[in-house]
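Below is one structure; the comments refer to it alone.
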Amino acid sequence: MTAFLRATLLLVAAVAVAPANAEIMADGGVDWDAAYAKATAAVGKLSQQDKVNIVSGVGWNKGPCVGNTSPISSINYPQLCLQDGPLGIRYGTGNTAFTPGIQAASTWDRALMSQRGQFMGEEAKGCGVHVLLGPVGGPLGKHANGGRNWEGFGPDPYLTGVAMAETIQGMQGAGVQACAKHFILNEQELNRETISSSVDDRTMHELYLWPFADAVKAGVASVMCSYNKVNGTWACENKNILNNLLKDELGFRGYVMSDWNAQHTTSSATSGMDMTMPGSDYSGKTILWGPQLVSAVNNGQVAKTRLDDMATRVLAAWYLVGQDKGYPGINIKASVQSTHKDNVRAVARDGIVLLQNTGDILPLSKPKKLAIVGSAAVVNPKGMNSCVDQGCNNGALGMGWGSGTSSYPYFVAPYDALKTRAAADGTTISLSSSDATNSVASTVQGADAAIVFITADSGEGYITVERVAGDRNDLNPWHDGNALVAAVAAANPNTIVVVHSVGPIILENILKNTGVKAVVWAGLPSQESGNALVDVLYGLVSPSGKLPYTIAKSDADYGTTVSRGDDNFAEGLYIDYRHFDQKNIEPRFPFGFGLSYTNFTYGDIKVTSTATSGAASGAVGPGGKADLFENVATVTISVTNSGSVAGAEVPQLYLTLPSSSPAAPPKQLRGFDKLKLAPGAAGTVTFNLRRKDLSYWDVSKGWVVPSGTFTVNVGASSRDLRLKGSFDVA
Ligand code: BGC
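Counting with mature numbering (1 follows the signal peptide of the UniProt record, and there is no 0), you get residues -22 to -1, 1 to 708 for the letters of the sequence shown.
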């Protein structure tokens, strides 16, 4: 089946089957032990067929959601609805299109991340969705050109782990099961269903498993195993990653579901997979569980106790978030938006990264004449939702494409919001809403400032857009954005470039133009695009986003690119800034970078530690051995807003391991905070370092804290380190 046919069938399938019930239960969850007690009692009452039904999808396109299982009336268990995705309800008509994960990461704001998760959870519950298929911790984003990176939180495992945990707690607190996906090493779209990703054990732990450990620690209900092979074995059939890593080492008590059609054999049950989705292949013919699982259990191929465990895990997750108590019926198209757009606007706004602001051209102050340029300044002329799963790049860009998208309930394009603001200020505004360079001079000449919009898009590999088959072909702007910027900047010396992009763009050609005074990295803002942008361009708030990835001077500087064949992850620990630091490559804009309209002064670093060297120990709890999560060092600093306007700063803590450690990245993010400060105000930041934050992974000993001197750097980006301290571990 073609991707478009598949997507169209999904649209047809997404019919309402029950009235909306917008009741939001505030209490919700119980702990895993209590959930297991209930689940074990329930499983005791079930027939073998019931248990098989709980773990088998009903088949592709056979229910109201992208994934569905059968109800079990004897225990009041409903038809389970699993629906994409990581930024809200796919195929809904009454929901909010939240900002993509990468924009949430760009805010570095835990409260906004958590609220985003909570609101997504409330909307999913309002639609009767039991499992919302997100957040995304893989791809982590080791390839700057990976097609689905924007669904997740960027290539630093610490930042991604924090964002995963905040999102999951927000979602599950609202009563919906989260699904941490895609597990694991699914770093590209090209050949995603055949490629084998081979990684060494240390890199697995220190990079790719890290965010999933945080997800488990946060109590995630479910995990989705990915399409690819891991070290030669399909992820969904891989005992090592599912049983050894996820369930034994990380103490995961929820269930593992397959990515859609990522199961290959009936015996994946014995490898740790607990639920098959969607339950058949896309033609509806191949079914690997259901009746096949019944036979496999009957002939001893799959142990009865394993089937009990699978069903118990699924039911425990359902009890964990309180879905046994009056959960709404399924209606994907329910009206559930409430005031959630406020979170979209806040994340879109506070995720904007100001990269350049020569001569303080920003913020704008009642310009007499403003010129707006680019097809990306206006809403898609064919309609904001005219492309299935957002599979096109026409007009303003708010998200990438694929299953991790949502329809827009409305879309405030940059031009819409700028026009409103201009009217209020008495500013004359002119628009060239195309990317043609020949006539643009007449639009921008004589304007106090010219704002030019460029984009780069990517998405999931079942859709190809303008010859981009998921992964990006290069890191250039689309639609010849470099030429457009050059034409505008040649005709107007006060050119402001606004970038909407799924990931890094090489900006060298753009920065060469002396007319380019400002570069505003507006990321992927979803439905509140224009409002968020106006807030920042006019200084209603100071920009406070920080890059969640490095912007290099050339594609090659990243050191990795989408692989044509199997990928042996030869770069190991050295991705994104870890690689730039290691190889001493100067980035154009470093990881963690972002300007403000005010200035911040850092001071008063104090470092204390009670850490002892050696391997982690203690009982395994959610996320791993208990002592990994104990605070063993504390760093405090002060930050003062030394400028003249209010603003927010993100102090970042980078740790360097002592020389006794095996070779490690020169520095790694191990803490951050976001402080909102009035002019002249000061705040204190406390960074708590957990045992795990001080550890490296040793193949035989596990997590080990090395002895010696740890160096702490705190700064405003990974290359703007302002304070230095250290502590010794014996
Ligand atoms: C994607 C998943 C998604 C699933 C269901 C798959 O192709 O990889 O992220 O949840 O489809 O739509």
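C-beta atoms are modelled at their ideal positions from N, C-alpha and C, and glycine is treated no differently.
**Asked** Does DSSP put Gly337 in a helix, a strand or coil?
**Response** helix
**Message:** Can you give me the C-alpha to C-alpha distance between residue 732 and Ile553, rounded to a whole angstrom?
**Reply:** The structure shown does not extend to residue 732, since the chain spans only -22 to 708, so no value can be given for it.
**Request:** Would you check if the distance between the CB atom of Tyr393 and the CB atom of Gln505 is smaller than 7 Å?
**Result:** no
**Item:** Backbone CA spacing between Thr264 and Ser258 [nearest angstrom]
**Value:** 5 Å
**Request:** Would you mind sorting Lys360 into buried or exposed? The rule is 16 or more other CB atoms within 10 Å of its CB.
**Result:** exposed
**Request:** Tell me whether the beta-carbon of Glu165 lies closer than 7 Å to the beta-carbon of Gly125.
**Result:** no
**Message:** Using CA atoms only, rank isn't needed, just tell me which of Asn491, Gly493, Leu511 is closest to Ala500.
**Reply:** Leu511
**Prompt:** What's the C-alpha gap between Gly686 and Gly601?
**Reply:** 27 Å
**Short Cβ contact (7 Å threshold) for Ile339 with Gly523** = no
**Prompt:** Which residues in the same chain as Leu388 place their Cβ atom closer than 7 Å to its Cβ, once the five residues preceding and following it in sequence are excluded?
**Reply:** Before going on, a small fix: residue 388 reads as Tyr here, not Leu. Excluding sequence neighbours, Tyr388 sits near Gln505.
**Message:** Looking at Val44: is its Cβ nearer than 7 Å to the Cβ of Leu110?
**Reply:** no
**Asked** Would you call the stretch 112 to 119 and the stretch 23 to 42 touching, i.e. three or more CB-CB distances under 8 Å?
**Response** no
**Asked** What does DSSP give as the partner residues of Lys584 in its beta bridges?
**Response** Thr614
**Asked** Does at least one heavy atom of the ligand BGC sit under 6 Å from the Cβ of Ser381?
**Response** yes
**Prompt:** Using a threshold of 6 Å, is the CB atom of Leu111 nearer than that to any non-hydrogen atom of the ligand BGC?
**Reply:** yes
**Option nearest Ser696 by Cα separation, candidates Phe705, Tyr674, Tyr527** = Tyr527
**Asked** Would Ser436 be called buried (16 or more neighbouring beta carbons within 10 Å of its own) or exposed?
**Response** buried
**Request:** Compute the minimum distance between the beta carbon of Asp237 and the heavy atoms of the ligand BGC, and state whether it is under 6 Å.
**Result:** yes
**Request:** Out of Lys217, Val366, Gln423, Ser92, state which residue places its alpha-carbon closest to the alpha-carbon of His318.
**Result:** Ser92
**Item:** Distance between beta carbons of Val114 and Glu129, contact taken as under 8 Å
**Value:** 4 Å
**Item:** Complete alpha helix (DSSP H) runs within the stretch 257 to 315 (minimum length 4 residues, chain order)
**Value:** 269 to 276, 282 to 298
**Request:** Please name the residue in Asp179, Cys105, Trp86 whose C-alpha comes closest to that of Met142.
**Result:** Trp86
**Residue environment, Gly7, which counts as buried when at least 16 other CB atoms sit within 10 Å** = Below a pLDDT of 50, predicted positions are generally treated as unreliable, and Gly7, at 43, falls in that range; no measurement from the model is reported.
**Prompt:** Val598: beta carbon under 6 Å from a heavy atom of the ligand BGC?
**Reply:** no
**Message:** Output needed for Val(-11): all residues of its chain with C-beta closer than 7 Å, excluding positions within five of it in sequence on either side, in chain order.
**Reply:** Any reading at Val(-11) must be qualified, since the residue scores a pLDDT of 38, below 50, and its modelled position is unreliable; the value itself is stated next. Answer for Val(-11): no residue qualifies.
**Item:** Delimiting residues of the beta strand (DSSP E) encompassing Thr664
**Value:** 660 to 668
**Asked** In three-state DSSP terms, what is Tyr575?
**Response** coil
**Cβ contact check for the stretch 300 to 316 and the stretch 93 to 107: 3 or more pairs under 8 Å** = yes
**Prompt:** Would the beta-carbon of Ser261 fall within 7 Å of that of Tyr233?
**Reply:** no
**Message:** According to DSSP, simplified to helix, strand and coil, what is Gly104?
**Reply:** helix
**Prompt:** Which residues share a DSSP beta bridge with Gln61?
**Reply:** Leu110
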